[in-house]
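K.L.:
Okay, so the sequence shown: first residue is 1 according to the UniProt record's numbering, each after it adds one. Note that CB positions come from ideal geometry on N, CA and C, so glycine has one too.
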Amino acid sequence: MKFSKRIAATVIALPLMMGSMSAMAFGGKHHGGEGMMGGKHLLRGIDLTDAQEEKIDALREQNRDAKKANKAKNKEAMMADRQAMQTLLLADNFDEAAIRDLATKMSDQQVERRISRMKAQHEMLNVLTPEQKVQVEENMAKMAERMQERMNKHHG
Numbered sequence: 001m002k003f004s005k006r007i008a009a010t011v012i013a014l015p016l017m018m019g020s021m022s023a024m025a026f027g028g029k030h031h032g033g034e035g036m037m038g039g040k041h042l043l044r045g046i047d048l049t050d051a052q053e054e055k056i057d058a059l060r061e062q063n064r065d066a067k068k069a070n071k072a073k074n075k076e077a078m079m080a081d082r083q084a085m086q087t088l089l090l091a092d093n094f095d096e097a098a099i100r101d102l103a104t105k106m107s108d109q110q111v112e113r114r115i116s117r118m119k120a121q122h123e124m125l126n127v128l129t130p131e132q133k134v135q136v137e138e139n140m141a142k143m144a145e146r147m148q149e150r151m152n153k154h155h156g
C-alpha cells in the first residue's frame, strides 16, 4: 500500500475508532446491548418489587423495539456520513466548511442517540423508590471507581 493511501486509511479509521470508544465509555455497547451506566449493573443488589420488575422489563422491551425500528435508518445514515467523510478527505482541496458541516451533523446525531439512551435510563430509574435510588447512586460510585482504577492501570 502506498504511503499516502495508508495515511488516508488512518485518517478515515481514526475518527471511527474514537467514536466507538466514546460510545463504549459513555453508555453505549455495540450490537444493541446495555451500556455501562444504564444496564442491569446499576440495579445489582437492589430488591425490586414484582411491579417494579415488570415495569422495568416493559420499558426495556419498549426501548429494544424502538432501537430495532431505527436500526436500518441509522445504519444507512452512518454509512452515508462515512462515505461523505471519505469523499471530503480524498478531495483535491480541503473544504473546511463542508467538513465542519458533516462533523456537526455527526456530532448532533451522537448527541441525539445519547439523549435517547439517557431518557430511557431516566424512565427506568424513576420506577425506583428514593431509597433504591440511593443504592443506585452507590452502585454508580463503585462503577466509577472501578473504571478509574482500570484507566489508571492502563494509562499510568
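Considering just the uninterrupted stretch of the alpha helix (DSSP H) at arginine 64, what are its terminal residues?
P.N.:
Along the sequence shown, one-based indexing puts residue 64 at 64. Run containing arginine 64: 50-90, per the alpha helix (DSSP H) assignment.
K.L.:
Suppose contacts are defined by Cβ-Cβ distances below 7 Å. Is isoleucine 46 in contact with glutamine 135 by that definition?
P.N.:
Sequence index remark: in the sequence shown, residue 46 carries index 46 (1-based). Sequence index remark: in the sequence shown, residue 135 carries index 135 (1-based). Yes; because the gap between Cβ atoms is below 7 Å, this pair is in contact.
K.L.:
Using a 10 Å radius around the Cβ and a threshold of 16 neighbouring Cβ atoms, would you call leucine 43 buried or exposed?
P.N.:
Along the sequence shown, one-based indexing puts residue 43 at 43. Answer is buried; the Cβ neighbour count reaches 16.
K.L.:
Between glutamate 131 and leucine 59, which are expected to be in contact by the criterion C-beta below 8 Å, what is the C-beta distance as a whole number of angstroms?
P.N.:
Your numbering for residue 131 matches position 131 in the sequence shown. Your numbering for residue 59 matches position 59 in the sequence shown. The Cβ separation is near 20 Å, so there is no contact.
K.L.:
What distance in whole Å lies between the Cβ atoms of leucine 88 and alanine 98, which are believed to be in contact at a cut-off of 8 Å?
P.N.:
Taking the first residue of the sequence shown as position 1, residue 98 is located at position 98. Taking the first residue of the sequence shown as position 1, residue 88 is located at position 88. Rounded, the Cβ-Cβ distance is 6 Å, consistent with contact.
K.L.:
Counting C-beta neighbours from all protein chains within 10 Å, is the total for glutamine 83 16 or more, i.e. buried, or is it exposed?
P.N.:
What you label residue 83 is simply residue 83 of the sequence shown in a count that begins at 1. Flag for glutamine 83 reads exposed.
K.L.:
At which residues does the alpha helix (DSSP H) containing asparagine 126 begin and terminate?
P.N.:
The residue given as residue 126 occupies position 126 in the sequence shown. Here asparagine 126 belongs to no alpha helix (DSSP H), and DSSP marks it neither H nor E.
K.L.:
Have a look at alanine 120 and methionine 140 and give me their C-alpha separation to the nearest angstrom.
P.N.:
Stepping through the sequence shown from its first residue, residue 120 is reached at position 120. Stepping through the sequence shown from its first residue, residue 140 is reached at position 140. The straight-line gap from Cα to Cα measures roughly 17 Å.
K.L.:
With distances taken between CB atoms, is the gap from valine 127 to glutamine 62 smaller than 7 Å?
P.N.:
Here residue 127 refers to the residue found at position 127 when the sequence shown is read from its first residue. Here residue 62 refers to the residue found at position 62 when the sequence shown is read from its first residue. Result no, Cβ atoms of valine 127 and glutamine 62 do not sit closer than 7 Å.
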